[in-house]
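Engineer: As they're listed, the protein sequences go chains A and B.
For the first sequence, the working numbering gives the first residue as -12, with consecutive numbering after it.
For the second sequence, the working numbering gives the first residue as -12, with consecutive numbering after it.
Glycine is no exception: its CB is placed at the ideal position from the N, C-alpha and C atoms.
Computed from a predicted model, the values in this text were never measured in an experiment.
Below is the structure I would like to discuss, written out as structure tokens.
There are 2 protein chains.
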Amino acid sequence: MKVFLECYPCFLRQALDCAKISSDDPKIHKEAVDSVMKCLLSCDADSTPPQIAKGIYSELKRVTGNPDPYYEIRKEDNANMLAKYDEFKERVAEAKDGIRAALRLAVAGNILDDGTGSKEEHQEIGGIEFFLNQAPAEEEIQEIKDAFKKAKSLLYLGDNSGEIVADKILIEKLKEEYPSLDITFVVRGEPVINDIIMEDAFEVGITDLCEVIDNGDSSPGTDLSSCSEEFLEAYDRADMIISKGQGNYETLSGSKDSRIFYLLVAKCPVIARDLETEQGTMIIRRVKN
Amino acid sequence: MKVFLECYPCFLRQALDCAKISSDDPKIHKEAVDSVMKCLLSCDADSTPPQIAKGIYSELKRVTGNPDPYYEIRKEDNANMLAKYDEFKERVAEAKDGIRAALRLAVAGNILDDGTGSKEEHQEIGGIEFFLNQAPAEEEIQEIKDAFKKAKSLLYLGDNSGEIVADKILIEKLKEEYPSLDITFVVRGEPVINDIIMEDAFEVGITDLCEVIDNGDSSPGTDLSSCSEEFLEAYDRADMIISKGQGNYETLSGSKDSRIFYLLVAKCPVIARDLETEQGTMIIRRVKN
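Now the structure itself:
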């Protein structure tokens, strides 16, 4: 998905949020916003939002002198969700259809995003409860369950901190229901916003469940033109790909690769329009080839 | 009030809104957003938001080739509010305290603003009903009523289209209750967003009620450093000044001039913080000297 001009105000807001996390100095805040406007003035309008965000967050790391402004927020997101792990796990265990319950939890977990909108709107765990109560997309759930049954290997592209705990619960359930399915979980190559890196996978214990690799890139998505050889080999090998969240969708949405299932909450109006859905909708969608 | 960095994303959003009103050409949209980023990169950080907006809307007029992108919207805003004129007028006539009712209507009318937020959020007349039902600020109403009694002349700085109909109803009531009060109503010198110009004052009939002058400037506020001699003479002469809306507040808020009463709805978080109030609050506030 190419960047839309509607994304530009959002990039400026993110720049200011990020600068404020790193510094109280108004000069740094101004420099951060100015440097992002310069990025936007020089960027290729055919880029995806995560490709542009990669340049922006690289500039923000330079301006703020902070290589990982969202470090504390990631820790907090993970801790908050880990505190709910037992409760969520129990709900999935008690559900009539455990895979369905775990899938819905994993999609709802995508609401925990520090890039889109304010903390108040999106980052609260309470938001998950709201999404868990939404009407399910039964056909889409059936389609993905059929794919799990047929696949020998699954590449699971993770997205945000906090959300990764919901991913863990889904992976545990997948291992239970489809024990022969070989699962590889993917994190970003470098810190960017609150997107997960290897440390987060260790922290929540996904590394004990399945192979975890990073994609070798620092964009908040999966930009295949910038990912590592190791990741691309795993990508090519997989029978089935789960792409969690907006950033992964934004970078892969041009694909005709029907191995891909997008799992996300359409959090911003631009994404919702691109997906031809309403803002706030839970999406499980297989790519049509 | 100096511009805040939080205003920058809002300026970009406004640029895109304005470009889309004027043209369907994505190249024009991109040029509009880019030209506004260039304005923001070169602007004086000590400027008020309306001073910056003046430069931005001048650029937008150039890029879009449209000298008055909000022309149709102003017509529509005025027509929609004029259709409610009789109903509002009757409510004021039936109120126990007519001045209080007209004041509250005039402040509530300030919700009709095409600069802040989306049309859905702010521009609907339904929004007025919401504000009319808010708890009144009785002390502030008493203070402004006392000032009306004492003043010989009132300079009334108007703000937005649509809202001007509520201003008209207040002015009619003021003339009824304080017949010796000499009222001058002020419009902007040139079209900018949906701020009122002389044509709007004619259209809703304020020109039949009192003297109407323009301030000789094209900023969406009252930037005294750029206003005409004629306006500044009227400003100096007035015993009392009503400053409607955010733009007038943003340009005059540094003043210690206790002739000024700000009447507005604090529509954006930046203004609300500056006024030390909650977003969405109806404000009637006299300047303390």
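1. May I have the straight-line CA-CA distance separating T194/A from I156/A, to the nearest angstrom?
2. Entirely within the segment 226 to 255 of chain A and at least 3 residues each: give me those beta strand (DSSP E) ranges in chain order.
3. Using alpha carbons as the reference points, say which of D182/B, V174/B, K139/B lies closest to K162/B.
4. How is the beta strand (DSSP E) around S140/A delimited, first residue to last?
5. Assign R224/B to one of two classes, buried (16 or more other C-beta atoms within 10 Å of its C-beta) or exposed (fewer than that).
6. Please confirm if P(-4)/A has its CB atom under 8 Å from at least one CB of chain B.
7. Report the three-state DSSP secondary structure of T171/A (helix, strand or coil).
8. Starting from V79/A, trace the alpha helix (DSSP H) both ways and give me its first and last residue.
9. On a CA-only basis, which of S240/B, L3/B, K17/B is nearest V274/B? Give me that one, please.
10. So, for S105/B: in the same chain, excluding its five sequence neighbours on each side, which residues have a beta-carbon less than 8 Å away from its beta-carbon?
11. Which chain B residues sit within Cβ distance under 8 Å of A32/A?
12. Look up V20/A in the DSSP assignment and say whether it is helix, strand or coil.
13. Please classify K129/A as buried or exposed, where buried requires at least 16 other C-beta atoms within 10 Å of its C-beta.
14. Would you verify that the beta carbon of V20/B is, or is not, closer than 8 Å to some beta carbon of chain A?
15. List, in order along the chain, the chain A residues whose C-beta lies closer than 7 Å to that of L277/B?
16. I247/A and C197/A: beta carbons closer than 8 Å?
17. Could you please give me the residues that DSSP links to V199/A through a beta bridge?
18. If the cut-off is 8 Å on Cβ atoms, which residues from the segment 24 to 48 of chain B count as contacting chain A, listed in chain order?
19. Below 8 Å between beta carbons is the criterion; list the residues of the segment 256 to 274 of chain A that meet it against any residue of chain B, in chain order.
20. Taking Cβ to Cβ, would you say L3/B is nearer than 8 Å to L(-8)/A?
21. Can you tell me whether DSSP reads E107/A as helix, strand or coil?
22. Fully enclosed by the segment -4 to 75 of chain A, which alpha helix (DSSP H) runs are 4 residues long or longer?
23. Determine the direct distance from the alpha carbon of E186/A to that of Y58/B, and round the result to whole angstroms.
24. List, in chain order, every chain B residue whose beta-carbon is nearer than 8 Å to that of L(-1)/A.
25. For a test of the three-state rule: what should DSSP assign to M(-12)/B, helix, strand or coil?
26. Which residues bound the beta strand (DSSP E) around I271/A?
27. At which residues does the alpha helix (DSSP H) containing G85/B begin and terminate?
28. Would you kindly check if the distance between the Cβ of S212/B and the Cβ of N181/B is under 8 Å?
29. Could you check whether K231/B and L144/B sit closer than 8 Å to each other, using their CB atoms as the reference points?
30. Tell me the rounded alpha-carbon separation between E63/B and P54/B.
31. Look at the Cβ atom of V173/A, then the Cβ atom of F218/A, and state whether they are nearer than 8 Å.
32. Taking I39/B as the reference, give the member of Y222/B, K14/B, L(-1)/B with the closest Cα.
33. Straight-line CA distance for E125/A to L251/A?
34. Identify which residue in T51/B, A32/B, Y222/B, K254/B has its Cα closest to the Cα of I8/B.
35. Step through the CB atoms of chain C and report whether any lies within less than 8 Å of the CB of Y143/B.
Structural biologist: Inspection of the coordinates gives the following:
1. 13 Å
2. 227 to 231, 247 to 252
3. K139/B
4. 140 to 144
5. exposed
6. Yes, contact with chain B.
7. Under the three-state reduction of DSSP output, T171/A falls in the strand class.
8. 72 to 81
9. S240/B
10. Residue confidence is low: S105/B scores 47 on pLDDT, short of 50, so the model does not pin down where it sits. Its coordinate-derived value is still stated next. Nothing meets the Cβ criterion.
11. K17
12. helix
13. The question names Lys, but residue 129/A is Gln in the sequence shown. Exposed.
14. Judged by the 8 Å Cβ criterion, V20/B is in contact with chain A.
15. Shown here, chain B extends from -12 to 276; a query on residue 277/B therefore has no answer.
16. no
17. DSSP, once it has assigned bridges, lists F172/A as partnering V199/A.
18. M24, K25, L27, L28, A32
19. Against chain B - using a Cβ distance shorter than 8 Å - the segment 256 to 274 of chain A contributes no residues.
20. A distance below 8 Å separates the beta carbons of L3/B and L(-8)/A.
21. Model confidence at E107/A stands at a pLDDT of 48, short of 50, so the residue's coordinates are unreliable; what they give is reported in the following sentence. Helix.
22. 13 to 29, 36 to 51, 58 to 69
23. 55 Å
24. Y(-5), P(-4), L(-1)
25. coil
26. Here the beta strand (DSSP E) through I271/A covers 269 to 273.
27. 85 to 95
28. No. Outside cutoff.
29. Yes, Cβ-Cβ distance for L144/B and K231/B is below 8 Å.
30. Near 18 Å, if we compare the C-alpha coordinates of P54/B and E63/B.
31. yes
32. The shortest C-alpha separation from I39/B is found at L(-1)/B.
33. 15 Å
34. It is T51/B whose Cα lies nearest to the Cα of I8/B.
35. Structure shown: chain C not included; protein chains present are A and B.
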